[in-house]
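Below is one structure; the comments refer to it alone.
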Amino acid sequence: MHIAIYDLDRTLTRRPTFTPFLAFAARRHSPWRLGLLPVWVIAMIGYRMGIYSRTALKRFGMKLMLGNVRLDRLEEIGDGYAGARIEHPGLMPAVMKLVEEDRNSGAKMMVATAAFDFYAQSFATRLGFEHLIATRWDGSQIPGGNCYGEVKKDRVLAWFAEQAIDRDAAHVRFLSDSFADAPLLDWADEPLFVTGSPAEAAKARARGWKVIDPLAP
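What the sequence shown shows, in the working numbering, is residues -19 to 197, in sequence order.
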């Protein structure tokens, strides 16, 4: 059994998705909140300084830029957002060739991402992925925390158990642009690190991961 797992931000997509989503969604739901974008930038600096966690940062961003929004409305906005982002700035061409290769081989296709599920699902559906593991949002909280690092790996392992998949009988390909995904990259049979940076490529190869340039024709 072949299982192909792809990260979303800067692996399938050319750019990160969360901050652009906040701006996209605020413009459609609460345009006045666009004036709060400088506060969000300051909050991101605080995260990089280690003042709070990614989970706390993302929850703050949702409350700051959107307030209280029904989940069905978020999914509606998220679908429009996914369509717009796939069109521009677009997807990684070399990665999409691998997506096509995996799909043609009959692989089980999954997106495993720290992005929120209410828009990640639309990316997955539009790109032909059957399965999604993403950060959950219940309208005010992030149940289970940010789907990142070890949390993402734990959720993939839980999915294997739910699907009654024998890990020893499965060949797993995993693609990511982030060293935070090292737990899954080290666990995969075929770890592919997505980067155009020579320094990052050297670091990835030193860990035994294959490197692909995402913008290669």
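For each residue, glycine too, the CB sits at the ideal point set by N, CA and C.
Candidates the options, of which the one nearest residue i by Cα
i: residue 131; options: 102, 43 and 161; result: 161
i: residue 42; options: -1, 77, 80 and 81; result: -1
i: residue 76; options: -8, 177, 176 and 34; result: -8
i: residue 178; options: 170, 193 and 188; result: 193
i: residue 200; options: 156, 56 and 176; result: Outside the shown range of the chain, which is -19 to 197, sits residue 200, and nothing can be said about it.
i: residue 62; options: 79, 186 and 106; result: 106
i: residue 80; options: 5, 134, 109 and 116; result: 109
i: residue 97; options: 57, 37, 195 and 84; result: 57
i: residue 116; options: 25, 7, 24 and 35; result: 35
i: residue 195; options: 176, 122, 181 and 6; result: 176
i: residue 71; options: -12, 91, 19 and 166; result: -12
Same chain, Cβ closer than 8 angstroms to residue i, neighbours up to 5 away in sequence not counted
i: residue 87; result: -18, -17, -16 and 153
Extent of the continuous beta strand (DSSP E) run through residue i
i: residue -9; result: Counting along the chain, residue -9 falls outside any beta strand (DSSP E), and DSSP gives it neither H nor E.
i: residue 170; result: 170 to 174
i: residue 91; result: 88 to 96
i: residue 192; result: 190 to 192
i: residue 9; result: Premise fails: residue 9 lies in the alpha helix (DSSP H), -2 to 9, not in any beta strand (DSSP E).
i: residue 32; result: Unbroken run through residue 32: none, as it is neither H nor E.
i: residue 65; result: Note, residue 65: premise wrong, no beta strand (DSSP E); alpha helix (DSSP H) at 51 to 67.
i: residue 14; result: No beta strand (DSSP E) contains residue 14, which DSSP labels as neither H nor E.
Cβ-based neighbour list, residue i, same chain, cut-off 6 angstroms, excluding 5 preceding and 5 following
i: residue 64; result: none
Alpha-carbon spacing of residue i relative to residue j, whole angstroms
i: residue -14; j: residue 141; result: 19 angstroms
i: residue -10; j: residue 53; result: 26 angstroms
i: residue 100; j: residue -6; result: 15 angstroms
i: residue 127; j: residue 95; result: 8 angstroms
i: residue 21; j: residue 3; result: 12 angstroms
Beta-carbon proximity list for residue i, same chain, < 7 angstroms, skipping 5 on both sides
i: residue 47; result: 10
i: residue 16; result: 44 and 45
i: residue 158; result: -13
Short CB-CB distance (under 7 angstroms) between residue i and chain B
i: residue 29; result: Although the question refers to chain B, the structure presented lacks it and comprises just one protein chain.
N- and C-terminal bounds of the alpha helix (DSSP H) containing residue i
i: residue 128; result: Taken as a continuous stretch (DSSP letters only), residue 128 belongs to no alpha helix (DSSP H), as it is neither H nor E.
i: residue 75; result: 73 to 84
i: residue 144; result: Here residue 144 belongs to no alpha helix (DSSP H), and DSSP marks it neither H nor E.
i: residue 185; result: 178 to 186
i: residue 165; result: 162 to 167
Exposure of residue i, with buried meaning 16 or more beta-carbon neighbours within 10 Å
i: residue 189; result: buried
i: residue 13; result: buried
i: residue 119; result: exposed
i: residue 172; result: buried
i: residue 164; result: buried
i: residue 33; result: exposed
beta-carbon residue i near the ligand MG non-hydrogen atom, thresh 6 angstroms
i: residue 130; result: Judged by which ligands are present, the structure shown has none, so any question about the ligand MG falls away.
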